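J.: Below is the structure I would like to discuss, written out as structure tokens.
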Amino acid sequence: MMRRPPKMPSAGCASRLSGRAPGGRRRPGRGPICSLALLLACVWSIGTWAQTAPPTKTPAESPAARSAATKGSKAGAPPAKAPARPEWRDTTGYRFPAVGKTVTDMQNAAHAMRLREYCADARVKDEFVRERLERFSAITGRKETCRTLLDY
């Protein structure tokens, strides 16, 4: 007659999900129902997240595109159209911008935060702050002041 080795207690987390007590005994009221409730909670939270995702904007609707279009045009003139892109380069359905644009935005935000500290610190000389704002203006392509840094 062969002897079976004694059952080893399972890990606490696995025992909770499997519905078994650490000694191998079955816990009443746990098991598939607990797993089903966890699955339903996950599906519900993913569905809620998908419904509350921000709507995508076409490049023409973005604030940067609007400000760039109105900079070069005179009052009352229609905004200039961007050069036509080939159909195979169409990205209007993309949910998120390109990684390069995100990296640039993050770098500009970090630079703007540093410049805001310079603007707020009275010990920093005005000439230094003006020079840094001019350099940042060259990077962003727009006139930057201590007030416009709040946009980042």
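Numbering-wise (my numbering), the sequence shown opens with residue 4 and increments by one.
C-beta: ideal position from N, C-alpha, C; glycine also.
Just so you know, these numbers come straight off a predicted model, no measurement behind them.
State the Cα-Cα distance for the pair Ala115 and Phe139, rounded to the nearest angstrom.
T.: C-alpha separation (whole angstroms): 8 Å.
J.: In terms of residue numbering, what span does the alpha helix (DSSP H) encompassing Leu118 cover?
T.: Start and end: 102-123.
J.: Can you give me the Cβ contacts of Asp124 inside the same chain, cut-off strictly under 7 Å, excluding the 5 residues immediately before and after it?
T.: Closer than 7 Å at the Cβ level, and outside the excluded window around Asp124, lies no residue.
J.: So the candidates are Thr107, Thr95, Pro89, Cys149; which of them puts its Cα closest to the Cα of Arg133?
T.: The option with the nearest alpha carbon to Arg133 is Cys149.
J.: On the CB-based measure, 16 or more other CB atoms within 10 Å of its CB, does Leu153 come out buried or exposed?
T.: Exposed.
J.: Using only the alpha-carbon positions, how far apart do Ser76 and Tyr155 sit?
T.: Confidence in Ser76 is poor, its pLDDT being 49 and thus under 50, which makes the residue's placement unreliable; the coordinate value appears in the next sentence. Their backbone Cα atoms lie some 25 Å apart in a straight line.
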